[in-house]
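S.K.: Provided herewith is a single structure, encoded as structure tokens, for subsequent inquiry.
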Ligand code: MN
């Protein structure tokens, strides 16, 4: 099936940026090998959403901030990134294998609402921030908790705990035009059918609009950026053989099997 990229021109512009030539001609940069782009299928459509960057907000539900050992009332939002190719797309009605990553003995799930940016900007005011959101989906911010903690204890970057291969399982994107914005509704996660996380999106400390606004003060947001909006309390470990199922009201569930 032929899929259509709705941010057309990106590939030509990228090639032009590499070669330093104008983006006017069909000329492509010559590369020694090809690197696949990262795309998320759009639900009910043949479109693909091209992913530029994955931003994640930390400690965005009060009870989760407390379980991570911090005081949610005094903390401004903070963000980290995962590499774009950490995406593991999970089609509706499937349960793909999710590989247990190396180096960890404490591998955690984090269920999160994900917002996808379709209009870029800098210093975006909260009141206009949702105009920049193109769609939503649900995703898992998989975490090597032992490595994250060890690095935090040493005041070193978190990356090895958060930003590893396939650490971002994600469902198909749903355009805002069809679903509206997600400001409330149940978010839950089960392991082997047992309820582990269970909260409401309205318990976020910083709403999606506030996250977009705050992020845009630090980074220029660009179409193709996605934002993992934080996880509720009761994060916990999985082992090989476990089945993770996650739900957000208004979206189809996402399931993976840890192998
Ligand atoms: Mn998270």
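Numbering (the working numbering), first residue to last: 10 to 268. Built from N, CA and C at the ideal position, the CB exists for glycine as well.
(1) Quick one: residues with CB closer than 6 Å to any heavy atom of the ligand MN, in chain order, please.
(2) Looking at the structure shown, is residue 160 part of a helix, part of a strand, or coil, going by DSSP?
(3) Pick helix, strand or coil for residue 7, following the three-state DSSP scheme.
(4) Taking only runs that begin and end inside the segment 48-91, name each unbroken beta strand (DSSP E) of 3 or more residues, in chain order.
(5) Quick check on residue 136: buried or exposed, where buried means 16 or more other Cβ atoms within 10 Å of its Cβ?
(6) Would you kindly report the start and end of the unbroken beta strand (DSSP E) that includes residue 199?
(7) Distance check for residue 200 and residue 251, CA to CA, integer angstroms please.
(8) Below 8 Å on the Cβ atoms is my contact criterion, and I expect residue 156 with residue 170 to pass it. Report the Cβ-Cβ distance as a whole number of Å.
(9) Locate the beta strand (DSSP E) running through residue 248, then write down its first and last residues.
(10) Closer than 8 Å by C-beta to residue 265: which residues in its own chain qualify, once you throw out the five before and the five after it? Chain order, please.
(11) Under the assumption that residue 62 contacts residue 234 (Cβ atoms under 8 Å), give the Cβ distance between them as a whole number of angstroms.
(12) With a floor of 4 residues, list each alpha helix (DSSP H) that falls wholly inside the segment 202-256, ordered by position along the chain.
(13) Measuring only the C-alpha atoms, how far is residue 69 from residue 41?
(14) Between residue 185 and residue 158, what straight-line distance do the alpha-carbon atoms span, to the nearest angstrom?
(15) Quick check on the DSSP output: what are the complete beta strand (DSSP E) runs of length 3 or more inside the segment 86-125, in order along the chain?
(16) What span of residues does the beta strand (DSSP E) with residue 179 cover, start to end?
(17) Return helix, strand or coil for residue 263, following the three-state DSSP convention.
(18) State yes or no: is the C-beta of residue 118 within less than 9 Å of the C-beta of residue 248?
(19) Roughly how many angstroms separate the alpha carbons of residue 196 and residue 255, rounded to a whole number?
M.R.: This is what the structure gives:
(1) 65, 119, 121, 150, 237, 239, 240
(2) helix
(3) Outside the shown range of the chain, which is 10 to 268, sits residue 7, and nothing can be said about it.
(4) 48-50, 56-59, 63-66, 88-91
(5) exposed
(6) 195-200
(7) 7 Å
(8) 4 Å
(9) Segment: none, residue 248 is in no beta strand (DSSP E) and carries neither H nor E.
(10) 97, 99, 104, 105, 106, 107, 149, 178, 252, 253
(11) 5 Å
(12) 217-227
(13) 43 Å
(14) 36 Å
(15) 88-91, 96-98, 116-118
(16) 177-179
(17) strand
(18) no
(19) 8 Å
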